[in-house]
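Those protein sequence lines, which keep their order, are chains A, B and C.
Numbered according to the working numbering, the first sequence terminates at residue 493, and the numbering increases by one at each position without gaps.
Numbered according to the working numbering, the second sequence terminates at residue 395, and the numbering increases by one at each position without gaps.
Numbered according to the working numbering, the third sequence terminates at residue 141, and the numbering increases by one at each position without gaps.
Note that beta-carbon positions come from the ideal geometry of N, C-alpha and C, so glycine has one too.
Quick notes on the structure that follows.
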Amino acid sequence: MLAHLPVLQVLLPLMAAPLCLFLRRPYLVWIFTLIVSGLAFLISISLLQQVMVSGTIVYEMGGWPGPWGIEYRIDKLSAFLLLIITAMSTVILLAAHTSIQKEIPKSRQIYFYILYLFSFTGMLGIVSTGDVFNVFVFLEISSLSAYALIAMGKDRRALWAAYQYLIMGTIGATFILIGIGLMYQMTGTLNMDDLARRLPEVAQTRTVFAAFAFFIVGVCLKLALFPLHLWLPNAYAYAPSIVTAFLAATATKVAIYLLIRFTFSVFGLSFSFTTLPLQTLFVVLGLIGIFVASTAAIYQKNVKHLFAYSSIAQVGYMIVGYSIGTTMGLMATLLHLFNHALMKSALFLALGAVMYRIGSVQLSSFHGLGRQMPFTMAAIVAGGLSLIGVPLTVGFVSKWYLVLAAIENGWWPVAVLVLLGSLLAIIYVWRIVEAAYFKEPAVATDRVREAPMAFLIPVWLLVAANIYFGVDTRFSVEMAQAAAQSLFGVSP
Amino acid sequence: MAMLSGIYGLLSASLFVTMDAVDVAFTEASIGAGISTLLMLTTIAMTGRTEHSVRHKPLLALAVVFVTGALLIYATLDMPYFGDVMAPANLHVMPRYIQDSMAEIGVDNIVTSVLASYRAFDTFGEVVVIFTAGIGVLALLSFARRPEDDAEISSDNISMHEQNLIVRIVSKILIPFILLFALYVQFHGDFGPGGGFQAGVIFAAAIILYAMLFGMSVARRAINQTFVQLFAAVGVLLYGMVGVVSMLNGGNFLDYNVLSEDPVAGQHLGILIIELGVGIAVATVVIIIFFNFADRIDILKHKVNKKL
Amino acid sequence: MMMILGLYNYWIVVGLMMIGLYIVIAQGNLVKKIVGLNIFQTSVFIFYISLSKVDGGTAPILVDGISLYSNPLPHVLILTAIVVSLATTALGLALVVRIKEAYGSIEEEEIQIKDNQEC
Chain A
2 MLAHLPVLQV LLPLMAAPLC LFLRRPYLVW IFTLIVSGLA FLISISLLQQ VMVSGTIVYE
62 MGGWPGPWGI EYRIDKLSAF LLLIITAMST VILLAAHTSI QKEIPKSRQI YFYILYLFSF
122 TGMLGIVSTG DVFNVFVFLE ISSLSAYALI AMGKDRRALW AAYQYLIMGT IGATFILIGI
182 GLMYQMTGTL NMDDLARRLP EVAQTRTVFA AFAFFIVGVC LKLALFPLHL WLPNAYAYAP
242 SIVTAFLAAT ATKVAIYLLI RFTFSVFGLS FSFTTLPLQT LFVVLGLIGI FVASTAAIYQ
302 KNVKHLFAYS SIAQVGYMIV GYSIGTTMGL MATLLHLFNH ALMKSALFLA LGAVMYRIGS
362 VQLSSFHGLG RQMPFTMAAI VAGGLSLIGV PLTVGFVSKW YLVLAAIENG WWPVAVLVLL
422 GSLLAIIYVW RIVEAAYFKE PAVATDRVRE APMAFLIPVW LLVAANIYFG VDTRFSVEMA
482 QAAAQSLFGV SP
Chain B
88 MAMLSGIYGL LSASLFVTMD AVDVAFTEAS IGAGISTLLM LTTIAMTGRT EHSVRHKPLL
148 ALAVVFVTGA LLIYATLDMP YFGDVMAPAN LHVMPRYIQD SMAEIGVDNI VTSVLASYRA
208 FDTFGEVVVI FTAGIGVLAL LSFARRPEDD AEISSDNISM HEQNLIVRIV SKILIPFILL
268 FALYVQFHGD FGPGGGFQAG VIFAAAIILY AMLFGMSVAR RAINQTFVQL FAAVGVLLYG
328 MVGVVSMLNG GNFLDYNVLS EDPVAGQHLG ILIIELGVGI AVATVVIIIF FNFADRIDIL
388 KHKVNKKL
Chain C
23 MMMILGLYNY WIVVGLMMIG LYIVIAQGNL VKKIVGLNIF QTSVFIFYIS LSKVDGGTAP
83 ILVDGISLYS NPLPHVLILT AIVVSLATTA LGLALVVRIK EAYGSIEEEE IQIKDNQEC
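Set out below in structure tokens:
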């Protein structure tokens, strides 16, 4: 069975989703989903071990080899991403049943879990596959289910946010489709490995330039890179809390993965970074993204909006690290991928707990929450500190490596700007702290109680991970380093 | 406007025929020109035809379109010419499909071999996409129906559907033939154009025709919605199970060679079953989507009638 | 001259794509946006099918005595893409229906105004 793990990783949640329809009771479906996600997590651990020991795993679908059939290709980068996605999904699901009880009508809860599983499957599929068209198919699985999940939010603005996301997302996906078509036209293959071999021959044609451009723009739409980020804040703010936590922890990470995969493994480093001004463009966009989004976050009245803007800023950090173009820079990006997933899932899940208790996440309704929900608010503060990059949290680790990478490359101004961006984070996190601890509650104090254990356990698991991986950086740094080195073709 | 887009679908379908893509043409005709247009008309019926034609952001739109278009034209300059036999796309992966698919899979229609065997995993993904859409529509539009609503709505409807007697009789005769045609398309995919998708859509079209002519409440009584949903799940699971069975038989996921003693017979069996899975899933999902849209119209009309 | 003859098909496709894209961005009516999206996607399909065409080839169904067929692979990809596009259309329209019920309008600007009042 061990040889089939790459496909089982994706197949398990995929087959589980339609089965949910037969279970009929939301509680059972939740348990089932949780078990499936947990198993997927175990599989990803096992895959990671295999990859670290014996290198890239190739699995041929239908027994058809290479460019004729579709193959799954799991290398260190994919295995790392698989681990992040499955781990986040499992922890977040712990709170799902309690949270959606208040946010989604009972008759629709089963559909919620099915869509959740499909979104999960789609992301795993994107990360595992070695075929560019297969990427498109799984991208659509994950996006379509994400649109529907977002639209399930209670507020009517969720519908409008989902519609806007659908339009932008579909334009992005169609751009990617055009890019794939152009690549196929010039090389005659859809297999990533094969493409990497055949693209250099035609690299100097205008068609391949265009293919690259369409692909990058399409991915950046999905990535919410400034200035293509406009769909994200509302989508995150009005989606059900669980969905926000899940998407914030995973969806943008998968888009970053695609960007790295295509620029490094398919088009090749020399094409991506030397023939085109991609590097400069991305540094500039990344930095502007950090400042614009962080500043916007400061002025938000809705805390979910606030953290959504902060997510856009964090994407900026990842892009800056990526565009430095050295092993160190890429490593910082991968580290931040992992660390940001930890922070944002903790924060959004804690917000889910607030939503559960007081039914709102407006900043004004946070007044006095520091005393009413001490554990939840402490978690938000811990997550916020991590977001700022205070030592002993994961946020510090990734910013540290990012600054080091910039300095190593001689990009002093970039290093300074990255640090300045963190100052903005202090301001927006402070606004929440101020509201929760230094303002008197507007309504009677005794009515609001601490969040239920179903929230506290996963939230504090994530906070603990934030601190643990901030102190003991061996695992995350080693993984990020190994993945980055393998992409640069350096044997460890 | 929706009609225009339907016509566009039909036109592109005929364009596909001239470019020798018969399978694609068949699908585009049934989906692009058929189901999509139907859904659009249903939506417009609900949302009203009036529109304030405010074109906003025309400059931004023009700029985006201009840049994208220019980039695409730029890209075409280095492309191999239209119809070029020596284009890279026709030299690398493609020849194997043409030369060896007969020996490896034993199916006349190369599109079917590639779709259902070489790239079967993509097709599996696509079944999942359509299933996702079905569940998404259910999550957005379904609501718990109360029996008394049903009764009132159907009384609203009956008066409407007693007209058009001739159309009803003609269609009543036609529907069995459409269903038969769907079955033919389903199992003929090995030799000519056709297969699970097209068959599924045609099958669903027959049901939709029935529902449109005899009223939603009659159709709903004939077709149990919960049952349809479970059936859609069965379609997806059937496809997946073929893959799982081939894994149990010692092959890779979706490796049909191990399904039978003789690899080619195994391929035939595998393709037959997965096409069936595709057909079931597509038909049921299209039915689910249509019924949920139509239900919304009924409720809307009902509310209007009550107000009057 | 050769170039025009060899590429005119692609240029027409590009034109169609851009019409679709323009409708998506510039239209304020939500249903029309979806129609635009459909046109955009269908044009991409035509592009794929164009690149599979082989002069003198026939439809890719094996018949004795014919050795030149059009490329079946793009056909397969587009079959998948058509179904994906149907799925997107269905979901998009379902959203439009719900938006109409919730806001009483399907014009982008009116919805935008109503949202701003709430904030």
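Please tell me whether Q498 (chain A) has its Cβ less than 8 angstroms away from any Cβ of chain B.
Since the first residue shown for chain A is 2 and the last is 493, residue 498 (chain A) is missing from the structure and cannot be characterised.
Beta-carbon proximity list for L229 (chain A), same chain, < 7 angstroms, skipping 5 on both sides:
C221, L222
Taking Cβ positions, are M166 (chain B) and L29 (chain C) nearer each other than 8 angstroms?
yes
With a threshold of 16 other CB atoms inside 10 Å of the CB of L282 (chain A), please say whether the residue is buried or exposed.
Exposed, because fewer than 16 other Cβ atoms sit within 10 Å of the Cβ of L282 (chain A).
Once the 5 residues before and after I101 (chain A) are set aside, which same chain residues still bring their CB inside 7 angstroms of it?
Q110, F113, P241, I243
I83 (chain C) to Y91 (chain C) span [Cα, whole Å]
8 angstroms
Among the residues of its own chain, which have a CB less than 6 angstroms from the CB of N93 (chain C), if the five just before and after it don't count?
For N93 (chain C), the CB contacts under 6 angstroms within the same chain, skipping 5 residues up- and downstream, are S74 in chain order.
Between the CA atoms of V172 (chain B) and V85 (chain C) - distance to the nearest angstrom:
19 angstroms
By Cβ distance below 8 angstroms, which residues in the same chain neighbour A319 (chain B) in space, the five residues on each side in sequence not counted?
F218, G221, I367, A368, T371, V372, I375
By a C-beta neighbour count over all protein chains shown, 10 Å radius and 16 as the cutoff for buried, is K302 (chain A) buried or exposed?
Classification of K302 (chain A): exposed, given that the 10 Å Cβ count is below 16.
Counting contacts by CB-CB distance shorter than 8 angstroms, is S204 (chain B) in contact with chain A?
It does: the Cβ of S204 (chain B) has a partner Cβ on chain A nearer than 8 angstroms.
Does any residue of chain A have a CB that is nearer than 8 angstroms to the CB of I253 (chain B)?
no
Option nearest V54 (chain A) by Cα separation, candidates A:I428, A:Y60, A:I75:
The candidate whose alpha carbon is nearest that of V54 (chain A) is A:I75.
Three-state secondary structure (DSSP) of S246 (chain B)
Residue placement at S246 (chain B) is poorly supported in this model, since its pLDDT is 47, which falls under 50; the coordinates are not used for a value here.
Can you name the start and end residues of the alpha helix (DSSP H) that E115 (chain B) belongs to?
109-117
Which same chain residues, not among the five before or five after D156 (chain A), have their C-beta less than 8 angstroms away from its C-beta?
Y239
Below 8 angstroms between beta carbons: does that hold for A306 (chain B) and I71 (chain C)?
no
Paired residues, beta bridge with R74 (chain A) - DSSP
A:V59
Just the Cα atoms here: how many angstroms apart are V395 (chain A) and M329 (chain A)?
Approximately 17 angstroms, taken between the alpha carbons.
Does the region 188-207 of chain A come close enough to the region 64-78 of chain A that 3 or more CB-CB pairs lie under 8 angstroms?
At 8 angstroms Cβ cutoff, the stretches touch.
State yes or no: is the beta carbon of I168 (chain A) nearer than 8 angstroms to at least one beta carbon in chain C?
yes
Could you pull the DSSP bridge partners for T494 (chain A) from this structure?
Any property of residue 494 (chain A) remains undetermined from this structure, which presents chain A solely from 2 to 493.
With DSSP as the reference, please indicate the residues paired to I83 (chain C) in a beta bridge.
B:N196
Say yes only if the C-beta of F42 (chain A) is nearer than 7 angstroms to one or more non-hydrogen atoms of the ligand FAD, and no if none qualify.
The model depicted lacks the ligand FAD and carries no ligand whatsoever.
What did DSSP end up calling Q363 (chain A) once you bin it into helix, strand or coil?
strand
Helix, strand or coil: which one does DSSP assign to Y300 (chain A)?
Coil, per DSSP.
Spatial neighbours of L393 (chain A) within its chain, please: CB distance less than 7 angstroms, with the 5 preceding and 5 following residues excluded, ordered by chain position.
I468, G471, V472
Run the CB neighbour count on S246 (chain B), radius 10 Å, all protein chains shown included, and call it buried at 16 or more, exposed below.
With a pLDDT of only 47 at S246 (chain B), under the threshold of 50, the placement of this residue in the model should not be trusted, and no figure is reported.
Reduced DSSP category for Y91 (chain C) - H, G, I as helix; E, B as strand; rest coil
DSSP places Y91 (chain C) in strand when its eight states are reduced to three.
Should S492 (chain A) be flagged as near chain B, meaning a C-beta pair shorter than 8 angstroms?
Because S492 (chain A) sits at a pLDDT of 45, beneath the cut-off of 50, its placement in the model cannot be relied upon, and the point is left open.
Per DSSP, the bridge partner or partners of N339 (chain B)
Bridge partners of N339 (chain B): none, in fact.
Partner residues on chain A for N177 (chain B), Cβ-Cβ distance less than 8 angstroms
Near N177 (chain B) (Cβ distances below 8 angstroms), the residues of chain A are G189.
Residue-level contact to chain B via CB, H306 (chain A), 8 angstroms cutoff
no
Buried or exposed: which applies to R26 (chain A), given that a residue is buried once 16 or more other Cβ atoms fall within 10 Å of its Cβ?
exposed
What's the call for P106 (chain A), buried or exposed, on a 16-neighbour Cβ count within 10 Å?
exposed
Kindly indicate which residue of A:R432, A:V316, A:F215, A:V209 has the alpha-carbon position closest to the one of I257 (chain A).
The shortest C-alpha to C-alpha distance from I257 (chain A) to any of A:R432, A:V316, A:F215, A:V209 is the one to A:V316.
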